[in-house]
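Numbers in my numbering are just positions in the sequence shown, counted from 1, shifted up by 1.
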Amino acid sequence: MEMTVQVTIDCSDPQRMVAFWAEALGYVPEPPPGGHATWRAYWAAVGVPEAELPDGAGDIPESIIDPAGGGPRVWFQQVPEPKVAKNRWHFDLKVGGGRDVPLDVRTQRVDAAVERLVKAGATVLRIKDEPDTGLYAAAMQDPEGNEFDVV
2 MEMTVQVTID CSDPQRMVAF WAEALGYVPE PPPGGHATWR AYWAAVGVPE AELPDGAGDI
62 PESIIDPAGG GPRVWFQQVP EPKVAKNRWH FDLKVGGGRD VPLDVRTQRV DAAVERLVKA
122 GATVLRIKDE PDTGLYAAAM QDPEGNEFDV V
């Protein structure tokens with residue numbers, strides 16, 4: 002049996018989340034299928050009732066895809082309620098290269114990614130700097146407060 006995986010993230014502002022996570026993951030906004038001008042036009046063509054689409058839904062891409070085709074599709078589902086608790090899961094953005102890469106090189110790579118992501122709208126929660134164990138990582142939040150790590 003063939004299976005694919007989609008990660009769905011509830012949010013209040015899909016456009017902002019698409020822009021941030023496309024930058025963070027190296028993904029691209031997913032184009033509408035079948036030559037439709039927008040996702041809203043596609044959904045209308047397949048019979049989704051207008052009443053089921055929030056204002057602005059489908060006017061801009063609400064999902065991102067890995068341009069190389071290796072990673073899962075990520076869909077940002079607009080919901081009315083805000084995030085109120087800590088995530089039960091999170092992304093680890095592994096930019097350092099792993100334990101075979103010298104700690105000083107991993108530190109530089111993590112710091113460069115953190116700087117890029119802060120410019121894109123992320124917030125640094127804390128830096129995990131444990132040279133005795135060879136760990137250097139940043140705990141961060143995306144623009145809507147979802148936690149993730151840069152390692």
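Where a beta carbon is used, it is the ideal one built from N, C-alpha and C, also for glycine.
All of these numbers come straight from a predicted model, not from anything done at the bench.
1) Apply the 10 Å Cβ neighbour rule to Met2 and answer buried if 16 or more other Cβ atoms are within range, or exposed otherwise.
2) Would you mind reading off the limits of the beta strand (DSSP E) that contains Met141?
3) Are the Cβ atoms of Val115 and Ala139 separated by less than 8 Å?
4) To which residues does DSSP link Phe149 through a beta bridge?
5) Do you know whose CA, among Val85, Met18, Arg110, Gly72, lies nearest Leu136's CA?
6) Please classify Asn88 as buried or exposed, where buried requires at least 16 other C-beta atoms within 10 Å of its C-beta.
7) Excluding the 5 residues preceding and the 5 following Gly59 in the sequence, name in chain order all residues of the same chain whose CB lies nearer than 6 Å to its CB.
8) Can you name the start and end residues of the alpha helix (DSSP H) that Val106 belongs to?
9) I want to know whether the stretch 62-70 touches the stretch 6-24 - three or more CB-CB distances under 8 Å.
Straight from the coordinates:
1) Translated into positions along the sequence shown, residue 2 becomes position 1. With fewer than 16 other Cβ atoms within 10 Å, it is exposed.
2) In the sequence shown, counting from the first residue as 1, residue 141 sits at position 140. Residues 136-142.
3) Along the sequence shown, read from residue 1 onward, the residue named residue 115 stands at position 114. Along the sequence shown, read from residue 1 onward, the residue named residue 139 stands at position 138. With a cutoff of 8 Å on beta-carbon distance, Val115 and Ala139 are scored as near each other.
4) Residue numbering aside, residue 149 sits at position 148 when the sequence shown is read from its first letter. In DSSP, Phe149 forms a bridge with Phe92, Met141.
5) On the sequence shown, residue 136 is found 135 positions in, with the first residue counted as 1. For the residues Val85, Met18, Arg110, Gly72, the minimum Cα distance to Leu136 belongs to Arg110.
6) Numbered from 1 along the sequence shown, position 87 holds the residue referred to as residue 88. Exposed, because fewer than 16 other Cβ atoms sit within 10 Å of the Cβ of Asn88.
7) By one-based count along the sequence shown, residue 59 stands at place 58. Closer than 6 Å at Cβ, skipping near neighbours: Thr39, Trp40, Arg41, Trp44.
8) For the purposes of this step, residue 106 is identified with residue 105 of the sequence shown, where counting begins at 1. Where Val106 is concerned, the enclosing alpha helix (DSSP H) stretches over 104-120.
9) Segment contact: the stretch 62-70 against the stretch 6-24, three or more CB-CB distances shorter than 8 Å; contact assigned.
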